[in-house]
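K.L.:
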Amino acid sequence: MRNIQNFNIVSTFLCLWLAVYLTTSLEQYLACFFILTVGLMHGSNDIKIIKRVYNNSSISYYKTLILYIMVVLFGALMFFLIPKIALILFILVSGFHFGEQHFHEVRFQYKWIKKSLYVSYGCAIIFLLLYTNAQESIEIISQITGESITINFLMVSLISSLMVFVSCFVILYKSITNPIRELFNILVFFIVFKTASLLWAFAIYFVLWHSLPSVLDQVKYLFKEVNKRSVLEYVKSSAIYWIVSVVGLFLLLNFLVKQEDLFYAVFFSFLAAITFPHVIVMTKIFKH
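Start counting the sequence shown at 1; every next residue gets the next number (the UniProt record's numbering).
(1) What three-state label does DSSP hand Phe108 in the structure shown?
(2) Quick test of the definition: if touching needs 3 or more C-beta pairs under 8 Å, does the segment 23 to 31 touch the segment 212 to 223?
(3) Can you tell which of Leu183, Val93, Ser137 has its C-alpha closest to the C-alpha of Phe169?
(4) Between which two residues does the alpha helix (DSSP H) holding Tyr29 run?
(5) Within the chosen definition, does the segment 139 to 151 reach the segment 81 to 97 through at least 3 CB pairs nearer than 8 Å?
(6) Apply the 10 Å Cβ neighbour rule to Tyr54 and answer buried if 16 or more other Cβ atoms are within range, or exposed otherwise.
(7) Contact between the segment 162 to 178 and the segment 119 to 133 is defined here as three or more beta-carbon pairs at a separation below 8 Å; is this criterion met?
(8) Which residue's Cα is closest to the Cα of Thr64: Met78, Asn45, Leu77, Thr283?
(9) Take Val72 and list the residues in its own chain whose beta-carbon comes closer than 8 Å to its own, dropping the five residues that flank it on each side.
(10) Starting from Ser44, trace the alpha helix (DSSP H) both ways and give me its first and last residue.
(11) Since Asn185 is in the alpha helix (DSSP H), which residue starts that stretch and which ends it?
(12) Can you give me the start and stop residues for the alpha helix (DSSP H) that residue 296 sits inside?
(13) Would you mind giving the Cβ-Cβ distance between Leu40 and Trp200, rounded to the nearest angstrom? I have them listed as a contact below 8 Å.
(14) Could you give the distance in angstroms between the alpha-carbon of Val235 and the alpha-carbon of Val266?
(15) When the Cα of Val38 is compared with those of Val247, Ser238, Glu100, which residue comes out closest?
(16) Leaving out the 5 sequence neighbours to the left and right, which residues in its chain are closer than 8 Å to Met155 when beta-carbon positions are compared?
(17) Let me check understanding here. Comparing Cα to Cα, which of Val106, Ala19, Ile138, Tyr68 lies closest to Ile151?
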């Protein structure tokens with residue numbers, strides 16, 4: 001994990017340096033490219049993982065696939081029918097997911113404190129990203145929900161999340177492998193979010209700090225070890241689901257979305273819809 005930490009730090013600041021020389025449109029294309037490759041791929045083996053978790057031949061592959069797709073469609077339908085509630089739920093679920101991925105190795109007797117750490121850490125990261133890019137964030141949230149929020153709302157949400165996180169962090173301090181490093185990482189995230197545009201900052205965090213560690217955890221779970229061969233096997237088994245996801249998003253954006261200014265709203269809503277079942281799958285992995 002130390003190697004991936006060092007790689008992420010170097011890559012993060014390399015991405016910030018690179019952004020100085022990129023045009024806005026090229027930066028957006030690159031951000032979407034990384035999100036749609038590594039970012040989407042880290043959830044493309046969910047069906048295979050479900051089969052491994054339950055290790056039960058009576059669970060039909062097609063039944064599992066249909067159930068998974070239904071959860072995705074239900075998430076998408078929520079954003080269409082009740083967007084405000086869907087967005088709140090997405091932030092909480094994503095917050096839990098980010099925190100669980102980052103702190104799943106923490107051992108503590110009271111599970112509710114661990115879960116509070118997961119949610120508060122993830123929500124703190126999300127609201128830090130939104131607050132430091134407030135203008136863009138407020139516009140996108142307005143496009144998704146049809147309602148406007150203020151920068152004060154983002155600030156209060158960030159402070160509240162940080163207060164809960166700090167409280168849980170203090171309680172679990174001795175259970176966290178390298179607490180000083182975790183605090184340093186948050187400082188790095190602040191620099192990234194404050195310096196980069198919303199989409200580029202999100203891509204840096206989502207790809208380097210979330211998706212890549214998640215892929216390594218999944219490879220280890222599925223193939224028992226992480227090496228060149230197991231990573232290639234992972235990519236190979238992910239290919240079909242990844243292609244379907246990318247094609248689905250492409251069709252959605254090109255044929256259903258007529259207004260260019262709705263791109264980010266649809267893009268993040270799509271990510272939200274496929275996040276819901278993925279979070280359930282990853283929670284099962286960490287329990288096993």
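By construction, the Cβ of each residue, glycine as well, lies at the ideal position given by its N, Cα and C atoms.
P.N.:
Reading it off the structure:
(1) DSSP places Phe108 in coil when its eight states are reduced to three.
(2) Contact between the segment 23 to 31 and the segment 212 to 223 is absent: fewer than 3 CB-CB pairs across the two stretches fall below 8 Å.
(3) Checked all of Leu183, Val93, Ser137; the closest Cα to Phe169 is Leu183.
(4) Element bounds for Tyr29: 24 to 34.
(5) The answer is yes - the segment 81 to 97 touches the segment 139 to 151, with three or more Cβ pairs under 8 Å.
(6) When all chains shown are included, Tyr54 counts as exposed.
(7) Contact between the segment 162 to 178 and the segment 119 to 133 is present, with at least three C-beta pairs closer than 8 Å.
(8) The residue with the shortest Cα to Cα distance from Thr64 is Asn45.
(9) Ala273, Ile274, Phe276, Pro277.
(10) First-last for Ser44: undefined, no H or E at that position.
(11) Where Asn185 is concerned, the enclosing alpha helix (DSSP H) stretches over 179 to 195.
(12) The shown model of the chain, from 1 to 288, leaves out residue 296, and the question about it has no answer.
(13) In this structure Leu40 is not in contact with Trp200, their Cβ atoms being roughly 17 Å apart against a cut-off of 8 Å.
(14) When rounded, the distance between both Cα atoms is 26 Å.
(15) Minimum Cα distance to Val38 is reached at Ser238.
(16) In the same chain as Met155, and ignoring 5 residues on each side of it, the C-beta atoms closer than 8 Å to its own belong to Tyr131, in chain order.
(17) That would be Ile138, whose Cα lies nearest to the Cα of Ile151.
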